[in-house]
């Protein structure tokens, strides 16, 4: 048996079959409390109990006759304990229910093989596996739509927006009176889808619903006859089993959904990393048996950490499967930072748009004012104003007899001596001069 490789915060697909592939997981027991099917209610109550005990994140729980498909995300190393609580509680409750309904109790409800874990490496693998498990009952020919099965046999992404389901305690002698009368089962989207859709759960559910509708159309086109229906599901004997031989499934511990060369390279890298982990783990177990209690186990080890209490080595720089994925809190913080940056950019864009609009309005106002001024000037140029022509003031002519002439030194005229006085500045030539002190003439 290969050692478990656990990747914290990575979505893991879980599959567990019943012993001898018996149909213990069909709705043979009838309805339970509050519209639940009793078998589905038992499994959901066990999942809620495991969630309360370990804090694991459940994403989808699907029952299909002799096996179940579930997806979960472990935060650290609680996946082993969560599956132990889930399967042990379900087995004990189904044994008690079989005896109460007059059937033989098998004791061991689950197959002796360990629960198959498959780490979903990328978001494409997460979406593909969710869709595969979602339509599993339809592909098996039981119903035409996954939600047609009795309530509790299919709990998927349609419950992600609800926040949680209240699961009443089944009326089963296995559950003591000290058990809670009701447990909350929280179904949340995987971290990879939350990151891909930037935290918009409505968009995640809408995208998964669209993929489901396409897959249902494809299955309906290839179906040769009508579905068997819910009545046929309830009529199946719990001890019945399929006639086909037991098929060995794919035991690869990881799944890569990415296509193209990039997907091939990632798949080859993960395969080499898994083989390296198994080799290192085997060497470390040999050292443990020889007395080495100090060397750490390789990164991704489950048993060495949870059961032996040993330290775990740090993952390699290029590790994918052995390195923790981003946690839900880290992704939410990253998305919050992205939203804040986007809001800042949007605020700056709106401010630039506001300034451009203000400048545009100002330019329009100035252009309008200038246009009005030009129109006013043009209008003023076309206006004719009726005014009297300019009249020149006539110049009065003065006759010579009205002019009084006075030489320098002569007696000054009086006001009655003519209309104009002209002063003659020419001095007599016979007048005595003063030499060089004479003023210029």
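Residue numbers (the numbering used here): 1313 to 1753.
Idealized CB from N, CA, C, for every residue including glycine.
Asked                                                                                                                                                                                       : Found
If contacts are defined as beta-carbon pairs under 8 Å, then residue 1330 and residue 1407 qualify, I think. What distance do you get, rounded to the angstrom?                             : With a Cβ gap of about 12 Å, residue 1330 and residue 1407 do not count as contacting.
Identify the residues that DSSP records as bridge partners of residue 1494: which are they?                                                                                                 : 1480
How far does the alpha helix (DSSP H) with residue 1592 in it extend, from its first residue to its last?                                                                                   : 1572 to 1601
Per DSSP, residue 1716 forms a beta bridge with which residues?                                                                                                                             : 1733
Out of curiosity, what's the CA-to-CA distance linking residue 1362 and residue 1458?                                                                                                       : 25 Å
Would the stretch 1474 to 1490 and the stretch 1345 to 1355 be scored as touching if the rule is three or more Cβ pairs under 8 Å?                                                          : yes
Quick one: grab the DSSP three-state call for residue 1624.                                                                                                                                 : strand
Where do the ends of the beta strand (DSSP E) carrying residue 1427 lie?                                                                                                                    : Residue 1427 -> no beta strand (DSSP E), and no H or E assigned at all.
Run through the stretch 1538 to 1562 for me and flag every whole alpha helix (DSSP H) of 4 or more residues, listed as ranges in chain order.                                               : 1542 to 1547
Measuring only the C-alpha atoms, how far is residue 1778 from residue 1501?                                                                                                                : Residue 1778 cannot be examined here, being either before or after the span of the chain that is shown, 1313 to 1753.
Could you give the uninterrupted runs of the beta strand (DSSP E) lying entirely in the stretch 1318 to 1378, keeping only those of 3 residues or more?                                     : 1324 to 1329, 1369 to 1376
Can you tell me whether residue 1612 is buried or exposed? The criterion is at least 16 other CB atoms within 10 Å of its CB, across all chains shown.                                      : buried
In terms of residues, what are the limits of the alpha helix (DSSP H) holding residue 1465?                                                                                                 : Counting along the chain, residue 1465 falls outside any alpha helix (DSSP H), and DSSP gives it neither H nor E.
Determine the DSSP secondary structure at residue 1536, reduced to helix, strand or coil.                                                                                                   : coil
Could you give the distance in angstroms between the alpha-carbon of residue 1585 and the alpha-carbon of residue 1568?                                                                     : 14 Å
Would you kindly work out how many angstroms separate the C-alpha atoms of residue 1523 and residue 1443, rounded to a whole number?                                                        : 7 Å
Can residue 1432 and residue 1324 be called in contact, C-beta distance under 8 Å?                                                                                                          : yes
Return helix, strand or coil for residue 1474, following the three-state DSSP convention.                                                                                                   : coil
Quick one: what does DSSP say residue 1722 is sitting in, helix, strand or coil?                                                                                                            : coil
Using a Cβ-Cβ cutoff of less than 8 Å, which residues in the same chain neighbour residue 1494 once the five nearest sequence positions on both sides are dropped?                          : 1478, 1479, 1480, 1481
For residue 1467 versus residue 1383, is the C-beta distance shorter than 8 Å?                                                                                                              : no
For residue 1452, name the three-state secondary structure that DSSP assigns.                                                                                                               : coil
Which first and last residues belong to the alpha helix (DSSP H) in which residue 1313 is found?                                                                                            : Looking at the DSSP string, residue 1313 is not in any alpha helix (DSSP H), and its letter there is neither H nor E.
Under 8 Å: do the stretch 1563 to 1582 and the stretch 1420 to 1435 share three or more Cβ pairs, one atom per stretch?                                                                     : yes
Tell me whether the stretch 1545 to 1562 and the stretch 1407 to 1426 touch, counting them as touching only if at least three CB pairs, one residue from each stretch, are closer than 8 Å. : yes
Am I right that residue 1626 and residue 1389 are in contact with their C-beta atoms under 8 Å? What's the rounded C-beta distance?                                                         : About 16 Å; that fails the 8 Å criterion.
Extract the residue ranges of the alpha helix (DSSP H) inside the stretch 1636 to 1702, only unbroken runs of 4 or more that lie entirely within it.                                        : 1640 to 1693
Please report the distance separating the alpha-carbon of residue 1452 from that of residue 1470.                                                                                           : 21 Å
So, does the stretch 1636 to 1646 touch the stretch 1504 to 1512, judging by three or more C-beta pairs under 8 Å?                                                                          : yes
Are residue 1609 and residue 1587 close, meaning C-beta to C-beta below 8 Å?                                                                                                                : no
For residue 1578, which residues of its own chain have a beta-carbon under 8 Å away from its beta-carbon, when the five flanking residues on both sides are left out?                       : 1433, 1434, 1568, 1570, 1632
Is the Cβ-Cβ distance between residue 1385 and residue 1335 less than 8 Å?                                                                                                                  : no
Would you kindly work out how many angstroms separate the C-alpha atoms of residue 1455 and residue 1462, rounded to a whole number?                                                        : 10 Å
Is residue 1488 helix, strand or coil when you go by DSSP?                                                                                                                                  : coil
With 16 as the cutoff for other CB atoms within 10 Å, does residue 1665 come out buried or exposed?                                                                                         : exposed
Can you tell me whether residue 1256 is buried or exposed? The criterion is at least 16 other CB atoms within 10 Å of its CB, across all chains shown.                                      : Residue coverage of the chain in this structure runs from 1313 to 1753, which leaves residue 1256 outside it and unanswerable.
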